[in-house]
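Asks: From first to last, the protein sequence lines stand for chains Z and D.
Here the first sequence is numbered in my numbering, starting from 2 and rising by one per residue.
Here the second sequence is numbered in my numbering, starting from 2 and rising by one per residue.
The C-beta atom is built at its ideal place from N, Cα and C for all residues, glycine as well.
There are 2 protein chains.
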Amino acid sequence: MHVRLVIADCQVDYAGRLSAHLPMAKRLIIVKADGSVSVHADDRAYKPLNWMSAPCRLTITEPDADSAELGVTQLWEVRSREGDTLQIRLGEVHLDSDHTFGVDPGLQKDGVEAHLQTLLAEHPSTFGDGWQLVKREYYTPIGPVDLLLRDHNGGHVAVEVKRRGEIDGVEQLTRYLDLMNRDPQLAPVQGVFAAQQIKPQAATLAADRGISCRVIDYDLLRGMDNADERLF
Amino acid sequence: MHVRLVIADCQVDYAGRLSAHLPMAKRLIIVKADGSVSVHADDRAYKPLNWMSAPCRLTITEPDADSAELGVTQLWEVRSREGDTLQIRLGEVHLDSDHTFGVDPGLQKDGVEAHLQTLLAEHPSTFGDGWQLVKREYYTPIGPVDLLLRDHNGGHVAVEVKRRGEIDGVEQLTRYLDLMNRDPQLAPVQGVFAAQQIKPQAATLAADRGISCRVIDYDLLRGMDNADERLF
DNA sequence: GTGTACATATCGCAT
DNA sequence: ATGCGATGTGTACAC
């Protein structure tokens with residue numbers, strides 16, 4: 002269990018879902034404890050130029066005489082189970098450093114769509130007075146509807162929740178509505194597209210499909226949630 | 002222009018599109034020449050636990066007396082233009098290494114969808130005898146159709162090309178067809194969904210929409226292309 | 001294992 | 001800048 006950092010001149014060839022080639026240049030190579038290998042340039046945030054995800058196997062060999070003559074010092078071959086290969090020819094090595102980490106305590110996240118969905122499930126009145134939750138993650142054969150509600154008249158409403166409301170969210174909800182409206186137990190089902198922010202094109206498409214849009218104030222909703230907790 | 006590698010015990014807090022917290026543990030921190038910062042554990046291939054993409058600004062300060070007492074040696078704050086912040090509190094530093102890279106010659110790719118599209122544009126007879134190319138990347142107000150063809154009867158055909166044919170590709174083509182069929186210059190327009198592999202659910206949806214599916218043999222097509230070249 | 005949706009998605013291109 | 005589509009997307013979760 003360790004992380005190996007290598008900075009070296011290297012030439013890289015990937016063959017798998019596509020073919021890619023990197024000419025010889027100085028780069029950073031990271032080998033992680035899970036076996037994954039990534040080759041980084043000095044830009045592009047965290048995205049490597051080339052990589053192999055775990056599970057995979059790294060084999061390091063000596064270069065043949067011809068390659069050695071041309072300055073190749075090590076030959077790395079990384080191979081995945083599916084047969085994808087990443088070949089790295091190392092030239093001059095500027096750093097080769099090995100480090101052992103402990104088990105990472107892991108990441109704590111907040112504010113993602115799941116939380117938004119939870120809050121809205123707990124406060125269906127956000128959508129209208131007297132509206133009630135039927136089911137979170139209501140399963141249809143083509144995927145889960147985020148929220149199934151009943152409005153003040155008892156009519157079904159399918160809600161699609163997004164952080165940012167874009168066109169494919171509307172498409173998604175449209176597919177669900179088409180399907181649900183064929184079910185006599187549910188029909189007629191209205192659609193509501195709920196998001197912290199809704200792009201104009203998504204709003205236009207929603208309107209065209211008879212779907213109503215709701216912009217959600219996440220902080221306000223979280224505030225309501227806290228207020229509720231204080232009452233108990 | 003340099004890459005800085007730090008291995009250190011650190012505690013991380015991110016506030017931006019979401020909030021996230023990492024308890025103190027030994028990790029790898031990479032600062033790239035573009036200013037981007039990423040914090041890695043020893044697993045998850047190339048994805049960091051936390052990061053900040055360029056453009057952003059890194060400020061390093063001394064910890065206050067209280068923090069220093071608790072073992073904090075450096076306080077890093079990374080701030081983006083949008084106000085997202087990444088705070089890193091460093092404890093013991095195990096490695097701090099700085100390296101200058103040259104300009105990377107860059108990645109050469111082959112085999113992606115673009116190539117598939119090019120090959121199909123050059124060989125419209127793949128779809129049927131006598132079929133001809135009208136336009137690659139035919140622009141509609143809602144996006145470009147990959148290929149616009151005419152079949153042996155002169156009727157228009159819109160082709161959506163994918164490496165892997167999934168449900169959203171069918172949705173995309175459906176939107177284009179709806180729009181194009183409102184244009185009396187083009188209507189009636191048939192739809193063809195072409196991919197190296199088509200998922201059953203996508204095929205079902207396509208059939209339901211009256212769109213025909215074509216599974217493309219990339220190697221065969223590339224072979225045809227090479228054969229053509231040899232003729233000249 | 002397949003299917004589906006989410007992601008601080010990232011990235012590139014075209015308008 | 002914004003919209004839109006592709007990605008060797010990766011990842012989690014339900015069936």
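Listed from N- to C-terminal order along the chain, which residues in the segment 186 to 198 of chain Z have their beta-carbon within a distance smaller than 7 Å of any beta-carbon of chain D?
Replies: Within the segment 186 to 198 of chain Z, no residue has a Cβ that lies closer than 7 Å to any Cβ of chain D.
Asks: I want to verify the contact list: residues of chain Z whose CB lies under 8 Å from the CB of glycine 266 of chain D, in sequence order.
Replies: The structure shown does not extend to residue 266 of chain D, since chain D spans only 2 to 233, so no value can be given for it.
Asks: Quick one: list the residues of chain D neighbouring glutamine 109 of chain Z, beta-carbon separation under 7 Å, in chain order.
Replies: Residues of chain D passing the Cβ test: Ala21 and His22.
Asks: Is the Cβ-Cβ distance between threonine 60 of chain D and glutamate 78 of chain D less than 8 Å?
Replies: Yes, these two residues count as a Cβ contact at 8 Å.
Asks: Could you tell me whether any Cβ in chain Z is nearer than 8 Å to the Cβ of valine 4 of chain D?
Replies: Closer than 8 Å: yes.
Asks: Exposed or buried, glutamine 109 of chain D, counting other C-beta atoms within 10 Å across all chains shown (16 or more means buried)?
Replies: It is exposed - the Cβ of glutamine 109 of chain D has fewer than 16 other Cβ atoms within 10 Å.
Asks: The alpha helix (DSSP H) that contains proline 201 of chain Z, what's its start and end?
Replies: Proline 201 of chain Z -> alpha helix (DSSP H) spans 201 to 209.
Asks: Compare the C-beta of phenylalanine 233 of chain D against all C-beta atoms of chain Z and say whether one is closer than 8 Å.
Replies: A caution first: phenylalanine 233 of chain D carries a pLDDT of 41, below 50, which makes its placement in the model unreliable, though a value can still be read off. No, its Cβ sits nowhere closer than 8 Å to a Cβ of chain Z.
Asks: Since proline 49 of chain D meets chain Z, which of its residues come closer than 7 Å, beta carbon to beta carbon?
Replies: In chain order: Tyr47.
Asks: Show which residues of chain Z have a CB atom less than 9 Å away from the CB atom of isoleucine 8 of chain D.
Replies: Val4, Leu6, Ser98, His100 and Phe102, listed in chain order.
Asks: Please name the residue, chosen from Z:Pro185, Z:Thr175 and Z:Thr62, that lies closest to alanine 208 of chain Z on a Cα-to-Cα basis.
Replies: Nearest of Z:Pro185, Z:Thr175 and Z:Thr62 to alanine 208 of chain Z, Cα basis: Z:Thr175.
Asks: Roughly how many whole angstroms lie between the Cα atoms of lysine 33 of chain D and glycine 166 of chain D?
Replies: Straight-line Cα distance between these residues: approximately 36 Å.
Asks: Please classify arginine 231 of chain D: is it buried, with 16 or more other beta-carbons within 10 angstroms of its beta-carbon, or exposed?
Replies: Caution is warranted here: a pLDDT of 42 is assigned to arginine 231 of chain D, below 50, making its placement in the model unreliable, and no coordinate value can be reported.
Asks: When the Cα atoms are used, what is the spatial distance from glutamine 39 of chain Z to arginine 45 of chain D?
Replies: Before going on, a small fix: residue 39 of chain Z reads as serine here, not glutamine. Serine 39 of chain Z and arginine 45 of chain D: Cα-Cα distance of roughly 11 Å.
Asks: Where does threonine 74 of chain Z fall in DSSP's three states?
Replies: Coil.
Asks: DSSP state of alanine 16 of chain D, grouped into three classes?
Replies: Note: alanine 16 of chain D maps to strand in three-state DSSP.
Asks: Flag lysine 33 of chain Z as yes if its beta-carbon sits less than 8 Å from any beta-carbon of chain D, otherwise no.
Replies: At least one chain D Cβ lies under 8 Å of lysine 33 of chain Z.
Asks: Under 8 Å, do arginine 164 of chain D and alanine 195 of chain D count as touching if we go by C-beta distance?
Replies: No, the pair does not count as a contact, with Cβ atoms beyond the cut-off.
Asks: As an exercise, report each continuous alpha helix (DSSP H) stretch of at least 4 residues that is fully enclosed by the segment 130 to 197 of chain Z, in chain order.
Replies: Qualifying alpha helix (DSSP H) stretches, in chain order: 168 to 181.
Asks: Nearest-angstrom Cα distance between leucine 120 of chain D and threonine 205 of chain D?
Replies: Computed Cα separation, rounded: 26 Å.
Asks: Starting from serine 39 of chain D, follow its DSSP beta bridges and name the residues at the other end.
Replies: DSSP output for serine 39 of chain D lists D:Ile31 and D:Trp52 as bridge partner(s).
Asks: For the alpha helix (DSSP H) that threonine 119 of chain D lies in, which residues bound it at each end?
Replies: 114 to 123 is the span of the alpha helix (DSSP H), which, as asked, contains threonine 119 of chain D.
Asks: Give me the Cα-Cα distance between valine 104 of chain Z and isoleucine 8 of chain D, rounded to the nearest whole angstrom.
Replies: The straight-line gap from Cα to Cα measures roughly 15 Å.
Asks: Below 8 Å between beta carbons: does that hold for lysine 136 of chain Z and leucine 149 of chain Z?
Replies: Contact: yes.
Asks: What in chain Z is Cβ-close to tryptophan 77 of chain D, meaning under 9 Å?
Replies: Near tryptophan 77 of chain D there are no residues of chain Z at all, since even the closest Cβ is about 16 Å away, more than 9 Å.
Asks: For the segment 48 to 69 of chain D, list every residue whose C-beta sits within 9 Å of some C-beta in chain Z, in sequence order.
Replies: Of all residues in the segment 48 to 69 of chain D, Lys48, Pro49, Leu50, Asn51, Trp52, Met53, Ser54 and Ala55 have a Cβ within less than 9 Å of some Cβ in chain Z.
Asks: Taking all protein chains shown into account, do 16 or more other C-beta atoms lie within 10 angstroms of the C-beta of serine 37 of chain D, making it buried, or fewer, making it exposed?
Replies: When all chains shown are included, serine 37 of chain D counts as buried.
Asks: Would alanine 21 of chain Z be called buried (16 or more neighbouring beta carbons within 10 Å of its own) or exposed?
Replies: It is buried - the Cβ of alanine 21 of chain Z has at least 16 other Cβ atoms within 10 Å.
Asks: Residues of chain Z with CB under 8 Å from serine 39 of chain D, in chain order?
Replies: In chain order: Ala46 and Tyr47.
Asks: Straight-line CA distance for leucine 153 of chain D to phenylalanine 128 of chain D?
Replies: Residue 153 of chain D is actually histidine in this sequence, not leucine. Those two C-alpha atoms are separated by around 10 Å.
Asks: Strictly by DSSP, which residues pair up with threonine 101 of chain D?
Replies: In the DSSP output, where bridge partners are listed per residue, threonine 101 of chain D has none listed.
Asks: Which class does arginine 58 of chain Z belong to by DSSP, given the choice of helix, strand or coil?
Replies: The answer is strand: DSSP assigns arginine 58 of chain Z an E or B state.
Asks: CB-CB under 6 Å to glycine 17 of chain Z, same chain, minus the five flanking residues each way: which ones, in chain order?
Replies: The answer, listed in chain order, is Asp85.
Asks: Just the chain Z side, please: which residues come within less than 7 Å of histidine 124 of chain D by C-beta, in chain order?
Replies: Simply none; closest approach about 20 Å.
Asks: Measuring alpha carbon to alpha carbon, tell me which residue in D:Gly144, D:Ser126, D:Glu138 and D:Asp99 is nearest histidine 3 of chain D.
Replies: Looking at the Cα atoms, D:Asp99 is the closest of the given residues.
Asks: Check distances from the C-beta atoms of the segment 207 to 218 of chain Z to those of chain D and list, in chain order, the residues that come in under 8 Å.
Replies: The segment 207 to 218 of chain Z vs chain D, Cβ under 8 Å: nothing.
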